[in-house]
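**Q** Going by our numbering, the first residue of the sequence shown is number 530, and it counts up by one from there. We treat Cβ as the ideally placed atom computed from N, Cα and C, and that holds for glycine.
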Amino acid sequence: MLDSTRITHTPAFVLEYDAFEKNLALIGGLQQSLGSTFLFALKGFGMHRVFGEISACAKGATASSLNEARLASEYFSHVHAYAPVYQPDEFDAISQLSSHITFNSLGQYELYKNRLGRAKAGLRVNPKLDMVATELYDPCAPGSRLGIQPDALTMLPEGITGLHVHNLCESGAKEMQATLANVEKLYGRFFGNITWLNLGGGHLVTRKGYDLALFSATVQSFRQKYPHIELMFEPGAAYVWQTGVLVSEVLDIVTSDGIDTLMMDTSFTAHMPDCLEMPYTPSVRGAVVCKDGESGVRLGGSSCLAGDWVGEYRFATMPKIGDRLVFEDMMHYTMVKTTMFNGLAHPDIGIWRDGCYEVVKQFSYEDYKNRLS
Ligand SMILES: Cc1ncc(COP(=O)(O)O)c(C=O)c1O
């Protein structure tokens with residue numbers, strides 16, 4: 530168990546290595562037993578100090594830009610590219626690095642089909658199955674720009690070898706099963722002509738209680754029916770689900786209109802933006818989130834954004850200035866989405882392993898200054 534008092538400097542994102550290894554073992558085992566492909570989506574987690582370990586488990590990585598494709602190619606033997614729209618000045622470099630390239634529209638495929646090099650081409654199709662309650666993360670919301678609609682795909686253009694769908698987010702095996710069934714219903718007429726089907730991300734196979742038996746049975750029955758199609762999954766969050774924290778210190782306590790706010794050395798908008806965007810109230814070790822109607826203390830971020838706070842929480846003992854708070858499950862979609870808004874120093878990045886803490890990265894004034902000009 531991580532000892533927050535031994536984190537040398539806060540705020541700090543800290544990977545808990547034991548938990549990370551367990552996730553990799555589960556995903557690696559699943560891949561081996563099912564004979565399907567697990568890719569790693571870089572967009573969810575970019576701490577490349579541990580990409581070596583991920584690449585020993587995943588068969589490749591997925592990239593959404595040239596920067597991600599370059600980074601992925603340094604660690605992974607196969608890069609699969611997908612972007613909602615490719616930047617004209619990036620495409621050729623992406624195609625040189627990629628084994629598979631997926632296009633979000635027929636127009637994008639037309640534009641680039643003669644510049645694929647050795648990469649296999651695929652189309653992202655929309656499975657028309659709403660599985661995500663938060664619209665911000667729902668690729669099947671009405672009017673979605675993500676994926677070709679079934680009525681727009683009357684035939685598979687020459688050169689297309691695979692299809693790609695992505696409609697899940699922190700989802701279970703039942704949602705995967707329903708997605709595959711809908712993809713077969715809407716696009717099964719093309720299955721005779723494809724050799725790979727990528728079911729995207731959002732498969733939270735490492736969450737406690739995930740129905741791995743249903744997941745495996747669904748994959749196996751698909752493979753029996755369509756043995757010529759390689760089934761692929763490209764989760765990001767699942768690799769680092771519940772594998773690390775953000776350790777922060779209370780710097781001040783402000784009371785206003787009877788509400789106490791613990792002023793932290795971290796910021797929700799800059800370091801944990803999903804807390805405000807989604808929004809959700811993060812778990813904090815040793816605290817409970819108040820139910821509707823109960824009042825507790827707020828946790829305040831260090832930026833000057835008025836809404837940079839979350840809450841409310843109840844603690845067994847009210848924290849004091851100098852105490853440390855540990856925000857749970859802060860590896861996926863945190864570090865990759867941070868900003869240096871207000872010039873706030875980026876949290877350190879470290880690893881907790883076998884009872885020891887190692888700082889992997891600290892940020893300097895130059896990191897801040899060099900970003901914008
Ligand atoms: C196309 C695509 N693939 C994979 C992922 C990874 O999803 P997750 O990290 O939820 O598993 C995403 C996330 O947005 C995505 O858009």
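Can the beta-carbon of histidine 693 be found less than 8 Å from the beta-carbon of leucine 652?
**A** Your numbering for residue 693 matches position 164 in the sequence shown. Your numbering for residue 652 matches position 123 in the sequence shown. In contact: histidine 693 and leucine 652 (Cβ atoms closer than 8 Å).
**Q** Return the Cβ separation of leucine 709 and threonine 747 in integer angstroms, given the expectation that the two are a contact with Cβ distance under 8 Å.
**A** Here residue 709 is taken as the residue at index 180 of the sequence shown, counted from 1. Here residue 747 is taken as the residue at index 218 of the sequence shown, counted from 1. About 6 Å; that satisfies the 8 Å criterion.
**Q** Just the Cα atoms here: how many angstroms apart are threonine 485 and phenylalanine 856?
**A** Past the edges of the chain, shown from 530 to 902, lies residue 485, and the structure says nothing about it.
**Q** Need the endpoints of the alpha helix (DSSP H) that glycine 798 sits in, please.
**A** Looking up residue 798 in the sequence shown gives position 269. Per the sequence presented here, residue 798 reads as threonine, with glycine not at that position. That run of the alpha helix (DSSP H) goes 797-800.
**Q** When you measure from the CB of histidine 629 to every non-hydrogen atom of ligand 1, does any distance come out below 7 Å?
**A** Taking the sequence shown and counting its residues from 1, one reaches residue 629 at position 100. No - ligand 1 has no heavy atom lying nearer than 7 Å to the Cβ of histidine 629.
**Q** Helix, strand or coil, according to DSSP, for lysine 489 in the structure here?
**A** Any answer about residue 489 is impossible in this case: the structure gives the chain only from 530 up to 902.
**Q** Comparing the CB of proline 656 with every heavy atom of ligand 1, is any distance shorter than 7 Å?
**A** For this step, residue 656 is matched to residue 127 along the sequence shown. No, ligand 1 has no heavy atom inside 7 Å of this Cβ.
**Q** Below 8 Å, can you find three or more Cβ-Cβ pairs linking the stretch 800-815 to the stretch 840-858?
**A** Segments in contact, yes.
**Q** Do you know how far the Cα of lysine 657 is from the Cα of serine 673?
**A** As a working mapping, residue 673 is identified with position 144 in the sequence shown. As a working mapping, residue 657 is identified with position 128 in the sequence shown. Going from the Cα of serine 673 to the Cα of lysine 657 covers about 10 Å.
**Q** Please classify histidine 629: does DSSP put it in a helix, a strand, or coil?
**A** The residue you call residue 629 lines up with position 100 of the sequence shown. Strand, per DSSP.
**Q** Which two residues bound the contiguous beta strand (DSSP E) that contains arginine 969?
**A** The structure shown does not extend to residue 969, since the chain is modelled only from 530 through 902, so no value can be given for it.
**Q** Just to check my reading of the structure: serine 584 and alanine 612 have Cβ atoms closer than 8 Å, yes? What is that Cβ distance to the nearest angstrom?
**A** If you number the sequence shown from 1, residue 584 lands on position 55. If you number the sequence shown from 1, residue 612 lands on position 83. Not really, about 21 Å apart at Cβ, beyond 8 Å.
**Q** Return the residue from the list Tyr755, Leu728, Lys890, His757 that minimises the CA-CA distance to phenylalanine 744.
**A** Along the sequence shown, read from residue 1 onward, the residue named residue 744 stands at position 215. With distances taken between Cα atoms, phenylalanine 744 lies closest to Leu728.
**Q** Per the DSSP calculation, alanine 816 is bridged to which residue(s)?
**A** On the sequence shown, position 287 is the one that residue 816 refers to. According to DSSP, alanine 816 bridges with Phe844.
**Q** Using the three-state DSSP reduction, which class does arginine 827 fall into: helix, strand or coil?
**A** Position 298 of the sequence shown, counted from the start, is the residue given in the question as residue 827. Looking at arginine 827 - three-state DSSP - the assignment turns out to be strand.
**Q** On the DSSP letters alone, give me the boundaries of the alpha helix (DSSP H) that glutamate 704 sits inside.
**A** Numbered from its first residue, the sequence shown carries residue 704 at position 175. It spans 702-716 - the alpha helix (DSSP H) in which glutamate 704 sits, taken as one unbroken run.
**Q** Let me check one thing: in DSSP terms, what residues is tyrosine 611 bridge-paired to?
**A** Mapped onto the sequence shown, residue 611 falls at position 82. Per DSSP, Thr631.
**Q** Quick check on the DSSP output: the beta strand (DSSP E) that includes phenylalanine 856 runs from which residue to which?
**A** As a first step, residue 856 is located in the sequence shown; it is residue number 327 there, counting from the start. Counting along the chain, the beta strand (DSSP E) containing phenylalanine 856 begins and ends at 853-856.
**Q** Which one of Thr863, Ala650, Ala587 has the shortest CA to CA distance from alanine 554?
**A** Counting from one through the sequence shown, the residue named residue 554 turns up at place 25. Of Thr863, Ala650, Ala587, the residue nearest in Cα terms is Ala587.
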